[in-house]
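Visitor: Protein sequence lines, in the order shown, are assigned to chains Z and B. Letter by letter, the first sequence follows residues 1 to 722 in this note's numbering. Letter by letter, the second sequence follows residues 1 to 348 in this note's numbering. We treat Cβ as the ideally placed atom computed from N, Cα and C, and that holds for glycine. Note that the coordinates shown come from a computational prediction; the quantities given were computed from them, not determined experimentally. Would you mind keeping the following structure in view while I ask a few things?
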Amino acid sequence: MSRHIWDFHGGIHPPENKKQSSETSIRWAGLPERLVVPVQQHIGAPAKPCVNVGDPVLKGQKLAEAAGFVSLPVHAPTSGTVAAIELRPIQHPSGMDALCVEITPDGQDEWIEHQGVGDYETLGKQEILNRIRDAGIAGMGGAGFPSVVKLGVKPDQKIKTLILNAVECEPYITADDRLMRERADEIVQGLQIVAWLIEPEEILIGIEDNKPHAIAAMQKATAGTQCEVVVVPTKYPSGGEKQLIHLLTGKEVRSGGIPADVGVVCHNTGTAYAIKRAIMDGEPLISRITTLTGDCVAEKGNYEVLMGTPVGWLLQQAGVKATDLHRLIMGGPMMGFAVHNMAVPVVKTTNCLLVPNSKEFPDPVPEQPCIRCGSCAQVCPVNLLPQQLYWFAKTKEFDKAAHFNLADCIECGACSYVCPSNIPLVQYYRFAKGEIRTQQQEQAKADHARQRFEARQARLAREEEEKERKRQERAKAAAAKQAEKKAAPAAKAAPASAAGAVDEADALAKLQTAAASTMKRYKEAQKALLTAEKNGSEHLEALQKKVEQLKAKADAAKEAFTTAKNAQGQTADAKPKPAAASKDDPFAALKQASAEDFAAYKEAEKALAAAEASGAEDVAALQQRVTELKARSDASKAAMKEARAREKEQIQAKNAAADPVKAAKLEVAKQQVLLKKASKALQAAKDSDAGADDALESNVKAAEQALEAAEHALKKIEEEQA
Amino acid sequence: MALLSVTSPHIHKPGNTGGFMRQVLYATVPGLFMLTYFFGFGTLINIALAVGIALVCETLILKLRNKPVAFYLNDYSAVVTAVLLALAIPPTAPWWLTLIGTTFAIVVAKHLYGGLGMNPFNPAMVGYVLLLISFPKEMTTWLPAAGLDNTVTAPGIPDSLGMAFLGMNPDALSGATPLDAFKTYAGQPEVLDSNSILHGVFAGFGWEWVNVGFLLGGAYLLWRKIITWHIPAGMLLALFLLSGFFNTAVDADNYPGFLHHLLSGGTMLGAFFIATDPVTAATSNRGKILYGVLIGVLTYVIRTWGGYPDAVAFSVLLMNLAAPTLDYYTQPRTYGHRKPNKGLAKSD
């Protein structure tokens, strides 16, 4: 039966160069004099060493424990003693150092007690998953993602297809090819363990058609099982996880998603083999098959290598002369990375060591200008526009690069491979990706800081509000109490106010009209008197009397009106007004009151002036009234000013809340003002009196202390901020 | 022992930009042969002259820009520009016409914008249009194709050299091109029918074979994967549809048939060699189709209703302007994305 094979965009056909290493069987690489085992050979958190320098260790003994969910343990590849636990150069493109456990082998190669199980079904899935984790199995195709994480299927996820990635599309590498030819049964057993764990509907084994022997071996091994060998046409990079999924199922993994999202799980051939060894033989992952190839290698082929074997030693075993060395590549020619230190160890992900001479891999030629020929876009397996990404990376327009889906680039190198201008495109993309990652990290950091700051500001504001609300409540309660006190006599004086509010208002209105009309009459009389005086009328006296009478009447009416109004105002103050005031704006109310008082005072003053001009007798009474009104107006003005000051202070405090330093500074200024006031008062008392008041002196002291405290607080905040 | 540190990939497909450009030069051979066959050695002289001038200009300006001369001369881009321009210049052209056009193309249209890969406009077409606007008489003096009737033969080497270098007046030899002829006599069926210039095997006499020559060269470029099919297909399809529609559905006397358009003037040279200049064209596949279609539309519109008999150069330059925008709005759908991105702002 033949299965439909989808195709993906682009791809290239570089020279395969696989024959050099694929035709000899797997050889045992041997036991080096020392093994350097990095604690991180996988993606995720580095393992934590659990042995000490000098400890004897057995083969397969744990050297370091997994540190977290996405982490794996590492094991002693042979028996011996722990010689060192320190930083050593490791398998990283940057040539960086990382923590390694060095083992001096004792040559006995003595296993720790271990046991495999044939009927793993009886143990339960969790136990098998634990064993796979404890065996330290990471994806052996190159990335090294902990396999157990991919095997722990979430209960709400249904995996339809399990794919064994046996494509091995990179030129030169034949490790999986050889493994399939020689150990197909074990691979299929491992695959079946995986299948038992994730219960897929179908199990597909994808192999490129350039490996007929491996295909035959796998077909033989899978005969009678539900596993199906699917041959895919040779094209790089068919072995990319997403590309293979598309080839076999036609499904696309969403950008940023994982294969399980579309019901697919993908494992590498070497991983399946390692899982079989871990479960059925009880052996942790301590060796792997590595291809040693390239024209510098005399004994090209595949070797079973212990993890931690130094690359230099391994190359010697394969007959590489140090003098011939030109380049050393860990991995394949398309995606591998250059290694510059011979002490770097072989790890779980080392599928190939490529040692070409300078004729085989000439030095890269100088980069020519991009002519936008678009060859790169034609071969891109994820259908990007590499020529545009190149421009954006070169001109550091990272926003645009991100918009053109730079993040989806799998760095397969197909674009660089075909570029006629020899532009190292992948290098540009790595650079841009790194820059974008840095920017994002910085952005995240800044966002986090901002969130924290805003949360703190919100909390402070909330506390301040709470305080203010309590204070207002207290003030309201006090005002209500006072109003009650005042309302009692007022109610007696104006019985009408005891009646309903409507009556009260009515009565007030009447009184006001009465007062106004008498006032008008009085004014008219006054005017008449003035004219009479000017004209030298005979009825001057009579007129004067009339004016006086009228004035008395007007005063009486006005007084009645003000008393009634005050009484009503006080009762109203006690009841609905405060609510309205607090709801609206207490300051506005005060302002209005002040304006009213001021108007009254001005009017009285005018009246006084008029009376004085007319030479009235009641000038003294009027004068008194004017002073009274002036005092009242001044008082209400002061109240308003105070309210305004308070309000200003509040606003300032609110503003300052955004800046604690400002708040503290404000506080200091306030205390300074208070201190000045207190000392002024004291000085005044001293000037006017012989002895200064004790109370005033203590006031000054208290103000001084408060100022000091405020200053101290400011300093502290400033220091904190600095 | 020093190990070389290079990032992946470590292998490279053989070839470089120079090889790329040389393929373009090889592909001009059939068209050039036809031009020489029908119009004499003028075009070959033009090419030799233009290439020489271009190399001199390129060398001088590279020195001025402190660039390695040999390294850049090796990319053959100046030679390609010179050859494409020379192919478009009439075989009767005096030497100074080629000199002005080539110098302007290399110095202004290419290097003043930053050199290879940085120029927004096709340098050869900038040079051509400069000449066409500045020297319309010299630039439109073509010869009748050899064999049109018994009296017409292609000028020999002495005549061609005379016209190029000795100021020999080509007026005595000159004749209309099929595009000129149709434009002049449009709407007069009896004249059109009797004009032998318009009646070769499939289209205008002589010019049909020149275009077939460039079509063959284009096929070679496609085969060698130097160009993709998108731009030529778009341009030729647009020309075919428009000319076919107006010829059959509107008025055959005023609108010539599609073969006339496809096999006259610079159609095939433009479709396979000029419009496909990767530096100045759209680069996404969908963008390339649209770019080609719009060039075809513009060519038809200018040829039919504009003042110039041919319009490939104008159309290409106008679309050069639009190419970057086309690229922003015709991005392919990346693997794992539902829709292609558009423009420059993040949409999802």
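Any chance you could list the alpha helix (DSSP H) runs of at least 4 consecutive residues sitting entirely within the segment 56-135 of chain B, in chain order?
Guide: 69-73, 77-88, 95-103, 123-134
Visitor: Out of 566/Z, 318/Z, 599/Z, 40/Z, point me to the one whose CA is closest to residue 483/Z's CA.
Guide: 566/Z
Visitor: Hey, how far is the Cα of residue 60/Z from the Cα of residue 333/B?
Guide: 48 Å
Visitor: Residues of chain B with a CB under 9 Å from the CB of residue 252/Z: which are they?
Guide: 335, 336, 337
Visitor: Measure the CB-CB distance between residue 346/Z and residue 41/Z and report whether it falls below 7 Å.
Guide: No.
Visitor: Tell me the rounded alpha-carbon separation between residue 54/B and residue 80/B.
Guide: 9 Å
Visitor: So residue 71/B contacts chain Z; which residues on that side make the cut at Cβ distance below 9 Å?
Guide: Within 9 Å Cβ-Cβ: 366, 368.
Visitor: Do you know offhand how far residue 410/Z's Cα is from residue 13/B's?
Guide: 19 Å
Visitor: Here's the rule: buried if 16 or more other CB atoms are within 10 angstroms of the residue's CB, otherwise exposed. What is residue 34/B?
Guide: buried
Visitor: Pull the bridge partners of residue 111/Z from the DSSP assignment, please.
Guide: DSSP lists 59/Z as the beta-bridge partner residues of residue 111/Z.
Visitor: Say whether chain Z places a C-beta atom closer than 7 Å to the C-beta of residue 267/B.
Guide: no
Visitor: Just how far apart, CA to CA, sit residue 116/B and residue 135/B?
Guide: 27 Å
Visitor: What ranges does the beta strand (DSSP E) occupy inside the segment 15-42 of chain Z, keeping only unbroken runs of at least 3 residues that lie completely in it?
Guide: 35-38
Visitor: Of the residues 624/Z, 635/Z, 609/Z, 671/Z, which one's Cα is nearest the Cα of residue 596/Z?
Guide: 635/Z
Visitor: Listing by chain order, which chain B residues have their CB less than 7 Å from the CB of residue 451/Z?
Guide: Result: empty, since nearest Cβ-Cβ is about 23 Å, beyond 7 Å.
Visitor: Contact check, residue 101/Z vs residue 85/Z under 8 Å by CB: the rounded distance?
Guide: Your pair residue 101/Z and residue 85/Z checks out as a contact, with CB atoms roughly 5 Å apart and the cut at 8 Å.
Visitor: Look up residue 70/Z in the DSSP assignment and say whether it is helix, strand or coil.
Guide: coil
Visitor: Does the separation of the CB atoms of residue 69/B and residue 62/B fall below 7 Å?
Guide: Pairing residue 69/B with residue 62/B gives a Cβ-Cβ distance under 7 Å.
Visitor: Does the Cβ of residue 8/B have 16 or more other Cβ atoms within 10 Å, making it buried, or fewer, making it exposed?
Guide: buried
Visitor: If you scan the segment 180-230 of chain B from start to end, which runs of the alpha helix (DSSP H) of 4 or more residues do you find wholly inside it?
Guide: Counting only runs of 4 or more, we get 189-194, 207-223.
Visitor: Please tell me whether residue 154/B and residue 39/B are closer than 7 Å, where the distance is taken between their beta carbons.
Guide: yes
Visitor: Just checking: is the beta-carbon of residue 357/B within a distance shorter than 7 Å of some beta-carbon in chain Z?
Guide: This structure cannot settle anything about residue 357/B, because the visible part of chain B is limited to 1 through 348.
Visitor: Terminal residues of the continuous beta strand (DSSP E) containing residue 228/Z?
Guide: 227-232
Visitor: From which residue to which residue does the alpha helix (DSSP H) around residue 168/Z run?
Guide: Counting along the chain, residue 168/Z sits inside no alpha helix (DSSP H), nor does DSSP assign it H or E at all.
Visitor: Identify each residue in the segment 216-247 of chain Z for which the Cβ-Cβ distance to at least one residue of chain D is less than 7 Å, and report them in chain order.
Guide: Annotation note: the requested chain D is absent from the structure, which comprises protein chains Z and B.
Visitor: Are the C-beta of residue 427/Z and some C-beta of chain B separated by less than 7 Å?
Guide: yes
Visitor: Taking residue 358/Z as the reference, give the member of 266/Z, 329/Z, 324/Z with the closest Cα.
Guide: 324/Z
Visitor: Closer than 9 Å between beta carbons: that is the criterion. Which residues of the segment 9-32 of chain B meet it against chain Z?
Guide: Listed by position, the residues of the segment 9-32 of chain B near chain Z (Cβ gap below 9 Å) are 9, 10, 11, 12, 13, 15, 16, 17, 18, 19, 20, 21.
Visitor: Which of helix, strand or coil does DSSP assign to residue 138/Z?
Guide: strand
Visitor: Name the residues in the segment 325-342 of chain Z whose C-beta lies less than 9 Å from a C-beta of chain B; which are they?
Guide: 325, 326, 327, 328, 329, 331, 332, 333, 334, 335, 336, 337, 338, 339, 340, 341, 342
Visitor: Anything in chain Z within Cβ reach of residue 344/B, meaning under 7 Å, just list it in chain order.
Guide: 400, 403
Visitor: Between residue 236/Z and the rest of its own chain, which residues show a CB-CB distance below 8 Å, the 5 nearest in sequence each way excluded?
Guide: 11, 12, 13, 14, 169, 170, 171, 334, 412, 414
Visitor: Indicate whether residue 79/Z and residue 58/Z have their beta-carbon atoms separated by less than 7 Å.
Guide: yes
Visitor: Taking residue 35/Z as the query, report the chain B residues whose CB atoms sit under 8 Å from its CB, ordered along the chain.
Guide: Per Cβ cutoff of 8 Å: no residues; residue 35/Z is ~22 Å from chain B at best.
Visitor: Please return the same chain residues whose Cβ sits closer than 7 Å to the Cβ of residue 251/Z, not counting the five positions on each side in sequence.
Guide: 245, 262, 264
Visitor: Just confirm the distance between the C-beta atoms of residue 275/Z and residue 194/Z, as a whole number of angstroms; I'd bet it's less than 8 Å.
Guide: 6 Å
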